[in-house]
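Trainee:
Protein chains: 2
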Amino acid sequence: MRMTFAKRIDSLRASDIREILKITQRAEVISFAGGLPAPELFPVAEMKEISRLLMEESGRVALQYSTTEGYEPLRQKIAARIGCKFHTQASAEEVMITSGSQQALDFTGKLFLDTGDVVLCESPTYLAAISAFRAYQPEFIAVPTDDDGMIIEELGRILATTGNVKLVYVIPDFQNPTGRTWSLDRRRRFIETVSRYGVAVLEDNPYGELRFEGEILPSIKSMDYEGLVIGTGTFSKTFCPGMRIGWLVAAPPVIEKYVLIKQGADLCTSMRNQMEIDLFMDRFDFEGNLVRLTELYRQRRNAMVAALETMMPAGVSFTRPQGGLFLWVTLPERIKAIELLKRCLEQNVAFVPGDSFFPNGGVENTLRLNYSNMPEDRIREGVARLAAAIRSMDS
Amino acid sequence: MRMTFAKRIDSLRASDIREILKITQRAEVISFAGGLPAPELFPVAEMKEISRLLMEESGRVALQYSTTEGYEPLRQKIAARIGCKFHTQASAEEVMITSGSQQALDFTGKLFLDTGDVVLCESPTYLAAISAFRAYQPEFIAVPTDDDGMIIEELGRILATTGNVKLVYVIPDFQNPTGRTWSLDRRRRFIETVSRYGVAVLEDNPYGELRFEGEILPSIKSMDYEGLVIGTGTFSKTFCPGMRIGWLVAAPPVIEKYVLIKQGADLCTSMRNQMEIDLFMDRFDFEGNLVRLTELYRQRRNAMVAALETMMPAGVSFTRPQGGLFLWVTLPERIKAIELLKRCLEQNVAFVPGDSFFPNGGVENTLRLNYSNMPEDRIREGVARLAAAIRSMDS
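Heads up: the sequence lines are chains H and R, in that order.
Here our numbering is used: the first residue of the first sequence is 894, the next is one more, and so on.
Here our numbering is used: the first residue of the second sequence is 894, the next is one more, and so on.
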């Protein structure tokens, strides 16, 4: 090939999850690898009705181009929901619709990152955020993290000694990949610390509404008095991914910049899909659907945690998430997750090795398990095979 | 605001079209400013039926995440259509679905452009392509262009004397903004010339299927034996924009790179929207709908050209497009289009001044007129007011 690609292309590589998913599409595989919602609870019958209603009531508007910012009534509903659920104060003007929240990650990279700028993130962090930001050629520093969130002393030390930190990326609720949730105290100290340095923060919250137990905690954005925190969310986990509707929430001058970026990137998000979610919320029971989904995931989390507690050999630890789709397993240091995956695939069990979730790599004994997309008996069977495979690694 | 944006943000500014469209949303304005398809021919009743069928037949698959490349049967249909219509030889594996073809422009900037690289384009060119590429901080060279396309001698001279040309962007069929179509001879000499230099080409063809008269010409991609040409197209103009479905077509190693870019940018395009277009093509008369649409635009083109011929004062020239949505007016040099626009807006007529379509500006006496979204009597009335405003500029 004679054409010459941009330098950034050298750093893009196929995601491990993607390659694994290709293997695991066979029906006999028990896959803990993806991050798919449970399709059995997609509101298929209701969507049929909503599509009909929308075409009858506003077909021509729905099928035309829309404004770049998005459909005003949906922006209002999102502003109201995040206010009510996470104490995030925002008006509709502070919300921009995105084509899924992955687009919000890409746009945030575009908005803040010049080559060589530094992004801080949790250690580990969401791997597709790493991919999104990597296109803008930053350096990553993974901030040490414990069960309560980022370790603030470490964050402060890095901010004090690193000149060009442009963005801090965090997922405080039921984090992907660990399932961990930041404590209230940690959130407060985090915003205090970043405010001292005036660094932009992207708070990603795709899973926050899927809480199995305990109190919802206020978003970090709700504690921000400097306009430093940008929020993003999505309907992919609370409704269905096929709509590709997410959002960004930020101060008006920041939203203005995002709108310019979106104009160049895809003009607008499907008006029809936006209007359908809006109409669904008006005519059907969005909250009831969310309650059913959360209950299903709670049962699956229970099944996976119980199976892990019963079956895992000594030296294996794992998180017990209070919500979301994932939990995180730490193996004894001598066991490499990628080697374990090879043995598991022979037994038709799949997961994602943890290494991909560390932007600078180097952690080989961890793995991510997804429990949202498998029935309980398959979860138990899969964990049993996983435990046997771990035991076999010592022999 | 204490946060620091990336350098690229300095060069992004609100599109003139966008700002004008805000003014022109009042019903009394005769707007030739936008580029909207005629909503009266959107297949609203059929889409209602398609949505129902899809939810009944494959609701859970349609509402789930899809692969990044897109829905295989739709990729096959696109490959077959562009082969049949434009002689573009491609397999489904060489087609990637995008969220509208604007996304294809953004991804192409991301794939090829480092800061300071050079993009060649027609003079004038599509303004949202300029916005998309500008995010990657290239320099633009607008290649002189006449009624038959780029002037090949000029293209050759620029390629011979400019070291870092990474991409040539062209719209050979019913170009936005001019409505002009490249001749067969110009296409052949173009591909010969770029092949000598091994530069990547993006051939954008959103309007090619909307031909009013004359023979369809083969795509430049169909003449490319080096794998240098990447094609992009969309269903926004032949079906409806609200679906947000476009595509890229390129050699497999190039599509692989685009897939990596799309994974980081939005994971996938709405599976439901892809499946609906595919199902529409199976169950309804896509071609028949396209014929009706083309006939409507032909009548509107006729109305606009006839009105311009009758009413325009001496010294005003304009293109007579054989298809597409736009024509291009050149005023006497003493008249500035932006001043004319101010007078026209007082008379409730809107258009886009041509200056925005030149990446380096400097051409002030041109304007773009859109005829797809206005009935014939309003077109005649709007042109009459435009002609009167031009006459008034001399007094």
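Backbone N, C-alpha and C define an ideal beta-carbon position, used for all residues, glycine too.
In this text the structure is predicted, and so the values were computed from the model without any measurement.
Taking Cβ positions only, does residue 937 of chain R come closer than 8 Å to chain H?
Mentor: Residue mapping note: residue 937 of chain R aligns to position 44 of the second sequence, counting from 1. Chain H, which has a Cβ nearer than 8 Å to the Cβ of residue 937 of chain R, makes this yes.
Trainee: Taking only beta-carbon atoms, is residue 1016 of chain H less than 8 Å away from chain R?
Mentor: Against the first sequence, residue 1016 of chain H aligns to sequence position 123. Cβ-Cβ to chain R under 8 Å: no for residue 1016 of chain H.
Trainee: Taking buried to mean at least 16 other C-beta atoms within 10 Å of its own C-beta, is residue 1102 of chain H buried or exposed?
Mentor: Residue mapping note: residue 1102 of chain H aligns to position 209 of the first sequence, counting from 1. Burial call: buried.
Trainee: Name the two residues that bound the continuous alpha helix (DSSP H) containing residue 1169 of chain R.
Mentor: Numbered from its first residue, the second sequence carries residue 1169 of chain R at position 276. Residue 1169 of chain R -> alpha helix (DSSP H) spans 1164 to 1176.
Trainee: Between the C-alpha atoms of residue 984 of chain H and residue 997 of chain H, what's the straight-line distance to the nearest angstrom?
Mentor: Within the first sequence, the letter at position 91 stands for residue 984 of chain H. Within the first sequence, the letter at position 104 stands for residue 997 of chain H. Rounded to the nearest whole angstrom, the CA to CA distance from residue 984 of chain H to residue 997 of chain H is 18 Å.
Trainee: Just checking my contact of residue 1006 of chain H with residue 1281 of chain R at CB under 8 Å: how many whole Å lie between their CB atoms?
Mentor: Counting from one through the first sequence, the residue named residue 1006 of chain H turns up at place 113. Counting from one through the second sequence, the residue named residue 1281 of chain R turns up at place 388. In fact, because the Cβ distance is near 51 Å, the residues do not count as touching under 8 Å.
Trainee: By the criterion of Cβ-Cβ separation under 8 Å, what are the contact partners of residue 990 of chain R in chain H?
Mentor: The count along the second sequence starts at 1 and reaches residue 990 of chain R at position 97. Correct list: empty, because the minimum Cβ distance to chain H is about 12 Å.
Trainee: By the 9 Å beta-carbon criterion, what residues does the segment 1032 to 1054 of chain R contribute toward chain H?
Mentor: none
Trainee: Pick out whichever of R:1014, R:1122, R:1052 has its Cα sitting closest to the Cα of residue 1039 of chain R.
Mentor: Sequence index remark: in the second sequence, residue 1039 of chain R carries index 146 (1-based). Nearest of R:1014, R:1122, R:1052 to residue 1039 of chain R, Cα basis: R:1014.
Trainee: Would residue 899 of chain R count as contacting chain C if we go by Cβ distances under 8 Å?
Mentor: In summary, chain C is missing from the structure at hand, where the protein chains are H and R.
Trainee: Using DSSP's beta-bridge definition, name the partner residues of residue 1095 of chain H.
Mentor: Translated into positions along the first sequence, residue 1095 of chain H becomes position 202. Answer is H:1062, H:1123, bridged to residue 1095 of chain H.
Trainee: How is residue 1054 of chain R classed by DSSP in three states: helix, strand or coil?
Mentor: Along the second sequence, read from residue 1 onward, the residue named residue 1054 of chain R stands at position 161. Of the three classes helix, strand and coil, the one that applies to residue 1054 of chain R here is helix, per DSSP.
Trainee: For residue 1283 of chain R, tell me which candidate among R:1259, R:1248, R:1265 has the shortest Cα-Cα distance.
Mentor: For the purposes of this step, residue 1283 of chain R is taken as the residue at position 390 of the second sequence. Selected option, being the one with the closest Cα: R:1259.
Trainee: Where residue 857 of chain H and residue 1036 of chain H are concerned, what is the direct C-alpha to C-alpha distance, given to the nearest angstrom?
Mentor: There is no way to answer for residue 857 of chain H, as the model of chain H reaches only from 894 to 1288.
Trainee: What in chain R is Cβ-close to residue 932 of chain H, meaning under 8 Å?
Mentor: Working through the first sequence from its first residue, we reach residue 932 of chain H at position 39. Chain R residues near residue 932 of chain H: 953, 954, 956, 957.
Trainee: Relative to the C-alpha of residue 1147 of chain R, which residue among R:1095, R:1253, R:1116 is closest?
Mentor: Your numbering for residue 1147 of chain R matches position 254 in the second sequence. Closest option to residue 1147 of chain R, Cα to Cα, is R:1095.
Trainee: Applying the criterion that 16 or more other CB atoms from any shown protein chain within 10 Å of the CB defines a buried residue, is residue 1243 of chain R buried or exposed?
Mentor: Translated into the one-based positions of the second sequence, residue 1243 of chain R becomes position 350. Residue 1243 of chain R comes out buried.
Trainee: Can you pull the chain R residues whose beta carbon is under 8 Å from the beta carbon of residue 905 of chain H, in chain order?
Mentor: The residue given as residue 905 of chain H occupies position 12 in the first sequence. The answer, in chain order, is 1150, 1153, 1154, 1157.
Trainee: Would the segment 1132 to 1141 of chain H count as touching the segment 949 to 969 of chain R if we require 3 or more Cβ pairs under 8 Å?
Mentor: yes
Trainee: Drop a sphere of 10 angstroms on the beta-carbon of residue 1118 of chain R, count the other beta-carbons inside from all chains shown, and report buried for 16 or more, exposed for fewer.
Mentor: Locating residue 1118 of chain R in the second sequence gives position 225, counting from the first residue. Exposed.
Trainee: So, under 8 Å CB-CB, residue 1109 of chain R and residue 1219 of chain R are touching, yes? Tell me the CB distance rounded to an integer number of Å.
Mentor: Taking the second sequence and counting its residues from 1, one reaches residue 1109 of chain R at position 216. Taking the second sequence and counting its residues from 1, one reaches residue 1219 of chain R at position 326. No, residue 1109 of chain R and residue 1219 of chain R are not in contact; Cβ-Cβ is about 19 Å, not under 8 Å.
Trainee: Say whether chain H places a C-beta atom closer than 8 Å to the C-beta of residue 1162 of chain R.
Mentor: Against the second sequence, residue 1162 of chain R aligns to sequence position 269. Output row for residue 1162 of chain R: interface = yes.
Trainee: Here's the rule: buried if 16 or more other CB atoms are within 10 angstroms of the residue's CB, otherwise exposed. What is residue 870 of chain R?
Mentor: Past the boundaries of the shown model lies residue 870 of chain R; chain R is included only from 894 to 1288, so the question cannot be answered.
Trainee: Does DSSP put residue 1161 of chain R in a helix, in a strand, or in coil?
Mentor: As a first step, residue 1161 of chain R is located in the second sequence; it is residue number 268 there, counting from the start. Coil at residue 1161 of chain R, not helix or strand.
Trainee: Could you tell me the alpha carbon to alpha carbon distance between residue 1169 of chain R and residue 973 of chain R, rounded to whole angstroms?
Mentor: For the purposes of this step, residue 1169 of chain R is identified with residue 276 of the second sequence, where counting begins at 1. For the purposes of this step, residue 973 of chain R is identified with residue 80 of the second sequence, where counting begins at 1. Going by the C-alpha atoms only, they are around 18 Å apart.
Trainee: So which residues on chain H does residue 1254 of chain R lean against when the C-beta distance must stay under 8 Å?
Mentor: Stepping through the second sequence from its first residue, residue 1254 of chain R is reached at position 361. Those within 8 Å of residue 1254 of chain R in chain H number zero; the least Cβ separation is about 18 Å.
Trainee: Taking Cβ-Cβ distances shorter than 7 Å, what residues in chain H pair up with residue 1183 of chain R?
Mentor: The sequence position of residue 1183 of chain R within the second sequence is 290, counting from 1. The contact set of residue 1183 of chain R on chain H, defined by CB atoms closer than 7 Å, is empty, because the minimum CB distance reaches about 15 Å.
Trainee: In this structure, what does DSSP give as the bridge partners for residue 1140 of chain H?
Mentor: Residue mapping note: residue 1140 of chain H aligns to position 247 of the first sequence, counting from 1. Checking the DSSP bridge columns, you'll see residue 1140 of chain H partnered with H:990, H:1126.
Trainee: By Cβ distance, which residues of its chain are closer than 8 Å to residue 964 of chain R, with the 5 residues on each side in sequence left out?
Mentor: The residue you call residue 964 of chain R lines up with position 71 of the second sequence. Contacts found: 990, 1164, 1167, 1168, 1171.
Trainee: Is it buried or exposed for residue 994 of chain H, if we count other Cβ within 10 angstroms and need 16 for buried?
Mentor: Translated into the one-based positions of the first sequence, residue 994 of chain H becomes position 101. Result: buried.
Trainee: For the segment 1214 to 1251 of chain R, which segments carrying the beta strand (DSSP E) assignment without a break, of at least 3 residues, lie completely within its bounds, in sequence order?
Mentor: Counting only runs of 3 or more, we get 1219 to 1223.
Trainee: Do residue 1100 of chain H and residue 1181 of chain H have their C-beta atoms closer together than 8 Å?
Mentor: Here residue 1100 of chain H corresponds to residue number 207 of the first sequence, with the count starting at 1. Here residue 1181 of chain H corresponds to residue number 288 of the first sequence, with the count starting at 1. Not a contact, by the Cβ cut-off of 8 Å.
Trainee: Within the same chain, show all residues whose beta-carbon is closer than 6 Å to that of residue 1027 of chain H, passing over the 5 residues directly before and after it, in chain order.
Mentor: Indexing the first sequence from 1 puts residue 1027 of chain H at position 134. Around residue 1027 of chain H: 904.
Trainee: From residue 1203 of chain R to residue 1266 of chain R, what distance separates their C-alpha atoms?
Mentor: Residue mapping note: residue 1203 of chain R aligns to position 310 of the second sequence, counting from 1. Residue mapping note: residue 1266 of chain R aligns to position 373 of the second sequence, counting from 1. C-alpha separation (whole angstroms): 21 Å.
Trainee: Nearest to residue 1125 of chain R by CA position, among R:947, R:1083, R:992, is which residue?
Mentor: Start at 1 with the first residue of the second sequence, and residue 1125 of chain R comes out as number 232. The shortest Cα separation from residue 1125 of chain R among R:947, R:1083, R:992 belongs to R:992.
Trainee: Using beta-carbon positions only, say whether residue 941 of chain H and residue 949 of chain R come within less than 8 Å of one another.
Mentor: Residue 941 of chain H sits at position 48 when you count from the first residue of the first sequence. Residue 949 of chain R sits at position 56 when you count from the first residue of the second sequence. A contact, by the Cβ cut-off of 8 Å.
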